[in-house]
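Worksheet: one structure, shown below.
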Amino acid sequence: MLILSPHIYLTTKLKTLYDPVIMNSKKVSSIGERALITRLTEIFKSPAGKEVLEGAGSDDCAVLDLGGEDCLVISTDMLHRTTDFPEGMSPWQMGWMSAAVNFSDIAAMGAKPLGILTAIGMPAETEISFVEELAKGIRACAEFCETTVIGGDIDTHEELTITGTVLGRMKKNQLLRRSGAKPGDLVCVTGYAGSAGAALEVLQSKQRGLEKAGEQNNSPTGEQKNEQGNKKKASETLIKSLLEPVPRTKEAQKLAASGSVTSMMDTSDGLAMSLHDLAQAGRIGFKIRENSLPTLQEVRDFASTSKNGPEKLLELALYTGGDFELLFTINPERLKKVQNICKLSIIGECTEYEKGIRLERPDGSTVPVKRRGYQQLKAENN
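Using the numbering used here, you'd call the opening residue of the sequence shown number 5 and step up by one each time.
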């Protein structure tokens, strides 16, 4: 332990207190996650060597040249119990999700997963059985992605914190980036939009209902029980999409090998946010058709219970995160080939960058798509 004299300590303390950099420094909450990443990218950015094909902040993953035809794709993500895991999640589901978020980034570039490293921080009083179930969830997701857990670390922490690092491999000439789309390309997504967002609201509604029922202590009538049973079946489909998201690693590898995709990323932060990220990276615009946004019937039913069903459905489909789907662009001439690879929905087309990102409403009018979605660190004015 280093012991400072009173004079040195006081001088150091005063320098810290009155350091102009520290005094004028903003809090991260004042700028938000995306702006902070931009600042850190400038700090970490270094002249690209021949080994580094994609460095800090430039895409979904870092990419290193392995020599020959192949490259190594690497991504890392951190999840916290209080901010990332919805109430009621099982430890197995927490493990699955912590792996899925990383595999989804690998999928965004079309790589084949090689393995995942997992670091887990937890309170010392955590039950061993909890940690074992957590590990089984991580392993299950890795096996689904046709790979395995290859190492990691454990440590004590104030709250459960899981950091995953996934490694992937692919041909350099098949690497998919956020940039590359051209005006006239079709905009496509796998799966459905808004499912995770609707599921989160269902879970929150259930929690409020349980709290209210506990306060009132009322028993439901027979008719209410039937209605609750029907809602339960519908909500279970949605909730599974939130708690056990499926990374599209298999579809992504096929898309990359097809040579038909011009740009791609995942939609875990929300469809609107992903569209803006693609637009910025590729200097491209988009015209998106509201009627073409794919949503599950359960999501449409859920949205219909709100005061303005169509607007609620649009909010869920565009602006909520948690859907681990692929957003990508393709040359129209390659459409049939891509349709044979995976199930997709064409939601619009690419336009000139100056036109921005526009949403065509059912009545034919167009409105801008806002840059809004899931962010871990939200700016205070958002």
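Heads up, the beta-carbon is just placed ideally off N, CA and C, and yes, glycines get one too. Since we're looking at a predicted model, the values are computed, not measured.
- The C-alpha of MET268 lies about 15 Å from the C-alpha of PRO187.
- Separation of the CB atoms of THR299 and GLY198 is rounded to 5 Å, and the pair is thereby assigned contact status at 8 Å.
- Cβ neighbours of VAL105 within its own chain (closer than 6 Å, five residues either side excluded): ASP81.
- When secondary structure is reduced to three states using DSSP, VAL303 falls in the helix class.
- In the DSSP assignment, THR324 forms no beta bridge with any residue.
- DSSP places GLU294 within a helical segment (H, G or I) once states are collapsed to three.
- The Cβ atoms of LYS258 and ILE345 lie closer than 7 Å to each other.
- Non-local C-beta neighbours of GLY289 in its own chain, meaning closer than 8 Å and more than five positions away in sequence, comprise PRO187, ALA283, CYS354, THR355, GLU356, TYR357, GLU358, LYS359, GLY360, ILE361 and ARG362, ordered along the chain.
- Under the three-state reduction of DSSP, LEU179 is assigned to coil, being neither helix nor strand.
- Between TYR323 and the set GLU162, GLU147, GLU337 and MET277, the nearest pair of CA atoms involves MET277.
- Positions of the beta strand (DSSP E) runs, each at least 3 residues long and wholly inside the segment 148-179, are given as 153-160 and 165-175 in order along the chain.
- Each residue's CA atom was taken as its position, placing ASP157 and GLY274 some 31 Å apart.
- GLY141 and GLY99 do touch by the CB rule: their CB atoms are close to 3 Å apart, below 8 Å.
- GLY352 is bridged by DSSP to VAL191 and ILE292.
- Non-local beta-carbon contacts of LEU70 in its own chain, meaning distances under 7 Å to residues more than five positions away in sequence, involve LEU76 in chain order.
- For PHE332, the closest alpha carbon among the candidates TRP96, ALA202, ARG304 and ASP189 is that of ASP189.
- For the 7 Å CB-CB criterion, VAL206 and ILE110 do not form a contact.
- By the criterion of a C-beta distance shorter than 6 Å, CYS145 is surrounded in its chain by TRP100, ALA103 and ALA104, once the five residues flanking it on both sides are discounted.
- Of the candidates MET126, ILE166, LEU118 and ARG173, LEU118 places its Cα closest to the Cα of ILE154.
- The beta-carbon separation of LEU204 and PRO90, rounded to 6 Å, stays under the 8 Å limit for a contact.
- Per DSSP, LYS244 has no beta bridge partner at all.
- Counting C-beta atoms within 10 angstroms of its own C-beta, ILE124 has 16 or more neighbours from the protein chains shown and is therefore classed as buried.
- Contact between LEU242 and VAL303 holds: their C-beta atoms lie close to 7 Å from each other, under 8 Å.
- Going by DSSP, ILE78 is part of the beta strand (DSSP E) stretching over 74-84.
- According to DSSP, residue pairing for ILE124 in a beta bridge involves ILE158 and ILE166.
- ALA200 is a Cβ neighbour of GLY326, given a cutoff of 7 Å.
- Sixteen is the threshold: when 16 or more other Cβ atoms of the shown chains lie within 10 Å of the Cβ of LEU83, as they do, the residue is buried.
- Considering only THR165, GLU136, GLU129 and ALA66, the residue with the shortest C-alpha distance to ARG85 is THR165.
- Rounded to whole angstroms, the separation of the alpha carbons of PHE107 and ARG143 is 12 Å.
- Around the C-beta of GLN97, 16 or more other C-beta atoms lie within 10 Å, and the residue is accordingly described as buried.
- Exclusion of the five residues before and after PHE306 leaves ALA202 as the residues of its chain whose Cβ lies within less than 6 Å of its Cβ.
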